[in-house]
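Asks: What follows is a single structure, and I will ask about it in a moment.
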Amino acid sequence: LKLTDRAISVLRGELKVERKQAKRAEKVKMDVSSDLFEKLREVRRELAAKHKVPPYIIFSDETLREMCAYMPQTEDALLEVKGIGAMKRDKYGAEFLAVLQQEAAK
């Protein structure tokens, strides 16, 4: 292990080291239909009860909000929503798509 000249300057207090503050990701507020959001939450609650897992394991609130905002109509479009991968799409996607497609038909 060998120290550079800059490291020695830091150790002697001749050079100050500052750490950059990490920027917090801002949550984007999406204009979503609260009625649709509640329908999706109900589907999530039912699936959670059926699979005996907490609702957030199915999908997070953020994922449900993105579904409301983007209104995916196909299984492939579901993959564009943050929090949905192929496994969750295959396992839970059909139930959520049914609600989204019904809402889009209104």
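Note that the numbering used here numbers the sequence shown so that position 92 is 147, with each residue one more than the last. Every residue, glycine too, gets a C-beta built ideally from N, C-alpha and C. Quick caveat: nothing in here was measured; it's all calculated off a predicted structure.
Would the beta-carbon of Val154 fall within 8 Å of that of Lys94?
Replies: yes
Asks: Counting C-beta neighbours from all protein chains within 10 Å, is the total for Tyr147 16 or more, i.e. buried, or is it exposed?
Replies: Flag for Tyr147 reads buried.
Asks: From which residue to which residue does the alpha helix (DSSP H) around Phe114 run?
Replies: Counting along the chain, Phe114 falls outside any alpha helix (DSSP H), and DSSP gives it neither H nor E.
Asks: Which of the three DSSP states, helix, strand or coil, is assigned to Gln157?
Replies: Reduced to three states, the DSSP call for Gln157 is helix.
Asks: Excluding the 5 residues flanking Met122 on each side, which residues of the same chain have their C-beta closer than 7 Å to its C-beta?
Replies: For Met122, same chain residues with a beta-carbon under 7 Å away, outside a window of 5 residues either side, are Leu95, Val136, Phe151, Leu155 in chain order.
Asks: By the 10 Å Cβ neighbour count, where 16 or more other Cβ atoms means buried, how is Ile113 classified, buried or exposed?
Replies: buried
Asks: Can you say whether Pro127 is buried or exposed, counting buried as having 16 or more other CB atoms within 10 angstroms of its CB?
Replies: buried
Asks: Arg120 and Pro110 look like a contact to me (Cβ under 8 Å); what is the Cβ gap, rounded to whole Å?
Replies: So it is not a contact: roughly 14 Å between Cβ atoms.
Asks: By the three-class DSSP mapping on this structure, what secondary structure does Lys71 have?
Replies: coil
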